[in-house]
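Colleague:
Residue numbers (our numbering): 84 to 474.
#1: Using alpha carbons as the reference points, say which of 405, 345, 149, 194 lies closest to residue 381.
#2: Taking the alpha carbon of residue 393 as the reference point, which residue from 443, 319, 351, 468 has its own alpha carbon closest?
#3: For residue 297, count the other beta carbons within 10 Å of its own beta carbon; 16 or more makes it buried, fewer makes it exposed. Which is it?
#4: In whole angstroms, what separates the C-alpha of residue 142 from that of residue 168?
#5: Within a Cβ cutoff of 7 Å, which residues of the same chain sit near residue 339, ignoring the five residues on either side of it in sequence?
#6: How many Å lie between residue 251 and residue 226 at the Cα?
#7: Among residues of its own chain, excluding the 5 on either side of residue 441, which ones have a beta-carbon nearer than 8 Å to its beta-carbon?
#8: If distances are taken between C-alpha atoms only, which option among 415, 467, 443 comes closest to residue 476?
#9: For residue 376, which residues in the same chain have their Cβ closer than 8 Å to its Cβ, ignoring the five residues on either side in sequence?
#10: What residue range is occupied by the uninterrupted alpha helix (DSSP H) comprising residue 364?
#11: With distances taken Cα to Cα, identify the nearest neighbour of residue 245 among 265, 234, 228, 223.
#12: Quick one: Cα of residue 218 to Cα of residue 285, how far?
#13: Run through DSSP, which three-state label would residue 414 get?
#14: Counting Cβ pairs closer than 8 Å, one from the segment 149-165 and one from the segment 185-199, do we hit at least three?
#15: Assess, as a yes-or-no matter, whether the segment 145-161 is touched by the segment 121-135 under the definition of 3 or more beta carbon pairs within less than 8 Å.
#16: Buried or exposed: which applies to residue 178, given that a residue is buried once 16 or more other Cβ atoms fall within 10 Å of its Cβ?
#17: Who does residue 354 pair with in a DSSP beta bridge?
#18: Would you grab the beta carbon distance between residue 107 and residue 208 for me? Rounded to a whole angstrom, and I think it's under 8 Å.
#19: Is it buried or exposed for residue 455, if we count other Cβ within 10 angstroms and need 16 for buried?
#20: Roughly how many angstroms separate the alpha carbons of residue 274 and residue 282, rounded to a whole number?
#21: Hey, residue 384 and residue 413 are a contact pair by Cβ (cut 8 Å); roughly how many whole angstroms apart?
#22: Which residues does DSSP pair with residue 465 in a beta bridge?
#23: What is the DSSP secondary structure of residue 266, reduced to helix, strand or coil?
#24: So what's residue 162 in DSSP terms, helix, strand or just coil?
#25: Considering Cα atoms alone, identify which of 259, 136, 191, 277 is closest to residue 206.
#26: On the CB-based measure, 16 or more other CB atoms within 10 Å of its CB, does residue 407 come out buried or exposed?
#27: Would the beta-carbon of residue 199 fall within 8 Å of that of residue 171?
#28: Per DSSP, what kind of secondary structure is residue 186 in: helix, strand or coil?
#29: From the DSSP output, in three-state form, read off residue 368 for me.
#30: State the CB to CB distance for the pair residue 306 and residue 313, rounded to an integer number of angstroms; the pair is presumed to be in contact (CB under 8 Å).
#31: According to the Cβ coordinates, are residue 197 and residue 117 closer than 8 Å?
#32: Alpha helix (DSSP H) containing residue 397: first to last residue?
#33: Excluding the 5 residues flanking residue 191 on each side, which residues of the same chain have their C-beta closer than 8 Å to its C-beta?
#34: Alpha carbons only, please: which of 470, 230, 130 is nearest the one belonging to residue 371?
#35: Which value, in whole angstroms, describes the spacing of the CA atoms of residue 364 and residue 400?
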């Protein structure tokens, strides 16, 4: 299923890119036709008429090649963009040789005219609005050089600068719109992935409910009725039923795919003997932090099951102070531990608390506090830093 979702995402992104480059290609051909019309109309007034047709031939060949090359993702890149810019600048500068100084000073269109805007569009689509603006400034500089090479530098007036401004606006706007479109495609892909994951979870939940959960519920009920060792098996079945229900009911936040709601991990430990109290609002942590905290809580609960009587009750409390720290406490009403018991266990090589709890929380940059006394139960308080959400 995951491979299929990645294929959907790639297909949608590729579909958008194909549409964008197809639009740029259409603009290239339409603007080439307009440039050909202008060259044909001004043919008799050029200083070097054949030069105009030579420039048009170069533009036609490059338009055909650019249409093919930009449509292939493997060929797109800095080299192709640089070549596109070089051809456009060359055609622009050829205007100073083909046209007469009088035509240039009077504000006549350059030989490629609006055809060079395709370069700005290509840079903006491929690299964003900043690159589009940079391409516009390069072409604007070439437009000014046309007047310098023709010997009429003072004739680069409002017409020339208006064209530069239009190119600059095109690069900025198109680059920004492309970014918005790609972001929208990414959000749509995430929504499709979430919908598919939700349907799969619902399908699995129905199958689990119709089989595993019903069997566990029956084992819990029959174990309680039979008593003895069967009652203990029934209790364990009840705990697993509660944990499994919490697991299949946990929701994933589509806006934060790398984050986990710590409540869902802790609620999986809820059972008739384990009470979990958590805030009403999600407590989101980076996935690796949440899983390590959940593992530390599981280790603490395992210690209670191994070292306390079967009727020992345990309370798990999750607190989010909103000041950059998350606190999880595990408290039981068992017999407690005498002073120095943990140090003796560590010396004997029993590192359940030292490594499974303290080691995990220490690696996360947090602290662990253990309060216990004979006959008064044990409370383990784990405090971990909560990184601020991404902006």
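All C-beta atoms in this analysis are idealised placements derived from N, C-alpha and C, irrespective of residue type, glycine included.
Modeller: Let's see:
#1: 345
#2: 319
#3: exposed
#4: 12 Å
#5: Residue confidence for residue 339 is low, a pLDDT of 47 falling below 50, so the modelled location carries little weight and cannot support an answer.
#6: 13 Å
#7: 451
#8: Beyond the ends of the chain as shown, which are 84 and 474, falls residue 476; an answer cannot be given.
#9: 345, 348, 368, 409, 411, 443, 444, 447, 465, 467
#10: Looking at the DSSP string, residue 364 is not in any alpha helix (DSSP H), and its letter there is neither H nor E.
#11: 223
#12: 51 Å
#13: strand
#14: no
#15: no
#16: buried
#17: 357
#18: 6 Å
#19: buried
#20: 12 Å
#21: 7 Å
#22: 411, 451
#23: helix
#24: helix
#25: 259
#26: exposed
#27: yes
#28: helix
#29: strand
#30: 4 Å
#31: yes
#32: Segment 397-403 is the beta strand (DSSP E) holding residue 397; no alpha helix (DSSP H) there.
#33: 125, 182
#34: 470
#35: 14 Å
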